[in-house]
Amino acid sequence: MEAVERESMEFDVVIVGGGPSGLSAACRLMQLAEKAEQELSVCLVEKGSEVGAHILSGAVLEPRALNELFPDWKERGAPVNNPVTQDEVYYLVNGTNRIKIPSFMVPGDTHNWGNHAISLGNLCRWLGEQAEALGVNIFPGFPASEIIYNDDGSVGGVITGDMGVGADGEQKGTFQPGYELRAKYTLFAEGCRGHLGKQLMQKFDLEKDASTQHYAIGLKELWDIDPEKHVPGKVVHTVGWPMNHGPGGFAGSFLYHMENNQVVVGLIVDLSYKNPHVSPFHEFQRYKTHPLIRETLEGGKRVSYGARAIVKGGLPALPKLTVPGALLLGDDAGFLNMLKIKGSHTAMKSGMLAAEAVFDRLGDGGAHDEVSSYVERFENSWLHEELHKARNSGPALHRFGTLLGSAFVWVDQTIFRGKLPFTLKDPVPDHESLKPADKAKKIDYPKPDNVLTFDRLSSVFVSNTNHEEDQPCHLQLKDPSIPISKTLPLYDEPAQRYCPAGVYEVVEENGEKRFQINAQNCVHCKTCDIKDPFQNINWVTPEGGGGPNYPNM
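Take 419 as the starting number for the sequence shown in the numbering used here and just add one per residue.
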């Protein structure tokens, strides 16, 4: 493609990503500027068609960070109106039986009293409104596709993706070049396995002193249900079936009763699973057939579907958070608290801490240097204290499986209050965990009934996913030969199963097998970028505004 001339805009701060961490950072920066009576220019870019379009989470919100950011959030009309009224945890023994876990056997931090079952997408839409009212420039539909580096190697901003480039890489008649958004400081809040955050980690070796990072895939549906079955604020979590396969097969689920006779139901599958025949999507569909879940959903109607990866290594796996000119926030770094099964309040707090550190540096005349005070603020905050207490929860489930791992967590939290004198680690990355296909048991998944269970393509349809078809594929293969020559014979090409949207297929033409990528189906979950055993798939940003459009998710 020919050289592109780009318009350039200058800001004090550019924020990449309109999730809870990026929006909280934007709001906090402007609050500080307003209080100090200083001029501040802040720009936030979001790859979704609108703020909230790509946001997917359970979500039960602990309002601690929201209380700090906007103490008057109720008066401001924040969509946080569904306090938890029932809090239940079950162990699913098999596809029929369950055991209700007594409250005293559930670690204190896993309880949900005082929290709210909400749509995180709607909360982000509201945070976006607050940010704009404070003076933040928000550009939805503009993915950050490249990092700008200054001559001294520091980060100087980002370049947004070009529009109107054909699948052949050539400019179409509708071509519009991306913008250079230059900043004194750039905050990366893209979410799990962020396209640019990953580049920063590699360029600056930010994970060299961190434990191995681990991930899960979360799958979720939104349902309208029979009003007689609806209990506003009821929260149900389960462990065990359908993935109680011992170490490396952990999964947990949620069923939250929302407002307006709706529920959200979901399954979170650790990507450390070993059997390449596992399909997280089909495990999720099967999970809904359990009587505990079926009795709520029967007679209802599925409204939406989505999936996204979750970064869950916790405190030991946090990368270095700063480089000259840039900071990592939220799930770009991995602030999820696995013990609480929550990451929204922790992401928001990370954004607020980053904003406070950057604002101080700007006040001192700083630009493009390393904001080390962000790390100091984090280490002296309740966020660090909370993550340190929960640091062994995820690794225990990885190493010991559902029952023994849960027992370890109970002892760690109830008896030792999270203060055991050691930290568990799991050094095997998720993409190295798979057994060869011929050494693993094949799984027979039932066909969908299209009432309670569904196939992937109809699910993608209700996720409102759409991409411009004539554009370069955003799912890049480092070596196009590997899927058929290596991954298929060794692992029966697991991309056919770990992708929750049917993007990857092995098709046969004239007696030859070919790896097909249906990029238009992609819901931007990033699972392929994480789980591919040869790390051969590289997820990059597609044309702006593409992907899912989640309502009330």
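All residues carry an ideal CB built from backbone N, CA and C; glycine is no exception.
Here Leu875 is exposed, its C-beta having fewer than 16 other C-beta atoms within 10 Å.
Residue state for Gln504 is assigned as strand, using DSSP reduced to three classes.
Within the segment 817 to 882, the runs of alpha helix (DSSP H) at least 4 residues long that lie entirely inside it are, in chain order, 874 to 880. In the structure shown, the three-state DSSP call for Met523 is helix.
By the criterion of a C-beta distance shorter than 7 Å, Arg809 is surrounded in its chain by Gly732, Leu733, Pro734 and Thr841, once the five residues flanking it on both sides are discounted. Counting only unbroken stretches of 4 or more residues, the alpha helix (DSSP H) elements lying wholly within the segment 707 to 742 are 709 to 715, in sequence order. Secondary structure note for Trp957: its beta strand (DSSP E) is the uninterrupted segment Ile955 to Trp957.
Annotation: Asp778 to Leu685 spans about 41 Å, alpha carbon to alpha carbon.
The beta carbons of Ile473 and Gly437 sit about 6 Å from each other, so the pair counts as a contact at 8 Å. Two segments are said to touch when three or more pairs of C-beta atoms, one from each, lie closer than 8 Å; by this definition the segment 525 to 545 touches the segment 461 to 476. In the DSSP annotation of this structure, the continuous segment of the beta strand (DSSP E) that includes Arg932 starts and ends at Glu930 to Ile935. His708 and Ala607 have their C-alpha atoms roughly 37 Å apart. At least 9 Å separates the beta-carbon of Asp897 from that of Asp688. Pro839 counts as exposed, since fewer than 16 other C-beta atoms from the protein chains shown sit within 10 angstroms of its C-beta. Taking a 10 Å sphere around the C-beta of Asp644, we find fewer than 16 other C-beta atoms and assign the residue as exposed. Taken through DSSP and simplified to helix, strand or coil, Ile635 comes out as strand. For the pair Val696 and Lys730, the Cα-to-Cα distance works out to about 20 Å. Asn568 carries a coil assignment under DSSP once its states are collapsed to helix, strand and coil. Bounds of the alpha helix (DSSP H) holding Ala444 are Pro438 to Ala454. Taking each of Leu736, Thr832, Ile433 and Leu747 in turn and checking the Cα distance to Lys843, the smallest one comes out for Leu736. Of the candidates Ile517, Val502 and Ala775, Ile517 places its Cα closest to the Cα of Leu710. Under the three-state reduction of DSSP output, Glu923 falls in the strand class. Residue range Leu538 to Leu552 is occupied by the alpha helix (DSSP H) that includes Asn540.
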